[in-house]
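K.L.:
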Amino acid sequence: MSAIGVFDSGVGGLTVAREIIRQLPNENLVYFGDTARVPYGIKSPQTVTRFSIENILFLLKQDVKLICVACNTASSFALPVIKNNFRVPIIGVINPGVREAVYASQNKRIGVIGTKGTIKSRTYETEIKQFDPKVKVTAVACPLFVPFVEEGWLSGEVVLSVARKYLNPLKEAGVDTVILGCTHYPLLKPVIQGILGSQVTLIDSAKQVAFEIKKILASEELLNRGKGGKHKFYVSDNPEWFSSLAQRFMGRKILNVKKVDNNV
Ligand code: DGL
2 MSAIGVFDSG
12 VGGLTVAREI
22 IRQLPNENLV
32 YFGDTARVPY
42 GIKSPQTVTR
52 FSIENILFLL
62 KQDVKLICVA
72 CNTASSFALP
82 VIKNNFRVPI
92 IGVINPGVRE
102 AVYASQNKRI
112 GVIGTKGTIK
122 SRTYETEIKQ
132 FDPKVKVTAV
142 ACPLFVPFVE
152 EGWLSGEVVL
162 SVARKYLNPL
172 KEAGVDTVIL
182 GCTHYPLLKP
192 VIQGILGSQV
202 TLIDSAKQVA
212 FEIKKILASE
222 ELLNRGKGGK
232 HKFYVSDNPE
242 WFSSLAQRFM
252 GRKILNVKKV
262 DNNV
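Per my numbering: the sequence shown = residues 2 to 265.
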């Protein structure tokens with residue numbers, strides 16, 4: 002089964018997989034969540050790059066025709082280095098979000114929020130400046146957002162007060178557009194929007210990523226002609242934990258999650 006391969010450090014990439022499945026219902030999809038080594042957001046560029054290469058090699062063994070790096074941290078650190086070294090197209094989540102944000106911003110002040118690694122890499126900033134050098138970028142790491150989402154804390158006073166603190170620099174900078182530069186952050190959209198105000202556009206790149214994948218597969222004549230794609234889910238540890246969180250990220254239950262050793 003020739004499939005779209007998707008990987009993430011864990012469960013968060015399901016927000017991207019969900020959108021790919023919605024826009025490309027006839028495509029087979031293989032998802033790999035590196036749950037044995039999550040989180041990537043606090044690890045070094047070298048480590049995240051090594052993990053990403055191993056994940057790609059695992060997916061290539063599953064007969065994939067395109068790979069989506071659904072993790073922002075991996076897209077930031079690894080993609081610029083490894084992108085052209087494989088026999089299939091590799092799509093990250095940074096570029097599609099950047100394009101949408103630059104297009105959406107009226108005042109040319111864009112905020113970016115992500116893991117410590119993503120923000121430290123400055124990849125968003127570099128790509129935004131490539132699109133439009135006049136844009137002023139304010140980038141802030143929000144490391145507590147990932148555990149909040151995984152614990153199911155999507156509202157309440159604790160989340161609100163942490164979010165207010167994190168988002169204050171974006172308010173002060175007067176951004177009119179904010180990129181949700183982490184797989185988990187779309188689940189905190191109501192909190193983030195509430196703090197920044199309805200005049201600020203929040204960019205969740207999943208839709209744009211799926212659209213890009215569709216475009217590439219169409220132009221390379223790789224779209225599946227059959228009906229009803231099949232979806233397989235692999236993890237490197239703790240399939241039960243992954244399944245229990247899947248409902249929140251994917252909007253439906255995922256059964257038959259298989260544990261594999263990917264770093265061989
Ligand atoms: N998937 C990661 C990202 O989008 C967040 C979780 C992690 O730190 O591994 O950056």
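Cβ coordinates follow ideal geometry from the N, Cα and C atoms, glycine included.
(1) Just verifying my parser: in three-state terms, what is the DSSP assignment at Asn29?
(2) Near Gly118, what residues of its chain come up, given a Cβ to Cβ distance below 7 Å and the 5 sequence neighbours on each side ignored?
(3) Quick one: grab the DSSP three-state call for Ala207.
(4) Among residues of its own chain, excluding the 5 on either side of Arg183, which ones have a beta-carbon nearer than 6 Å to its beta-carbon?
(5) Would Leu181 and Glu28 qualify as a contact pair, given that the criterion is a beta-carbon distance under 9 Å?
(6) Closest by CA to Glu152, which one among Asn85, Gln248, Val113?
(7) Which complete beta strand (DSSP E) runs does the segment 78-154 hold, if anything under 3 residues is left out?
(8) Taking just the CA atoms, how far does Ile21 sit from Leu15?
(9) Specify the secondary structure class of Thr74 as computed by DSSP and reduced to three states.
(10) Relative to the alpha-carbon of Tyr104, which residue among Val159, Ser162, Val179 has its alpha-carbon at the smallest distance?
(11) Could I get the ranges of all uninterrupted beta strand (DSSP E) runs contained in the segment 172-230, with 3 residues as the minimum, in chain order?
(12) Is there contact here, the segment 152-167 with the segment 88-96, by at least three beta-carbon pairs under 8 Å?
(13) Report all residues from its chain with a CB closer than 6 Å to the CB of Gly6; omit the five preceding and five following residues, and keep chain order.
P.N.:
Judging by the given coordinates:
(1) strand
(2) Tyr41, Gly42, Ile43, Lys44, Val49, Thr74, Ser77, Phe78
(3) helix
(4) Sequence inspection shows Cys at residue 183; the Arg mentioned does not correspond to that position. Around Cys183: Asn73, Gly115, Thr116.
(5) no
(6) Gln248
(7) 110-115, 137-142
(8) 9 Å
(9) helix
(10) Val179
(11) 178-182, 202-204
(12) no
(13) Val31, Leu60, Val65, Ile68
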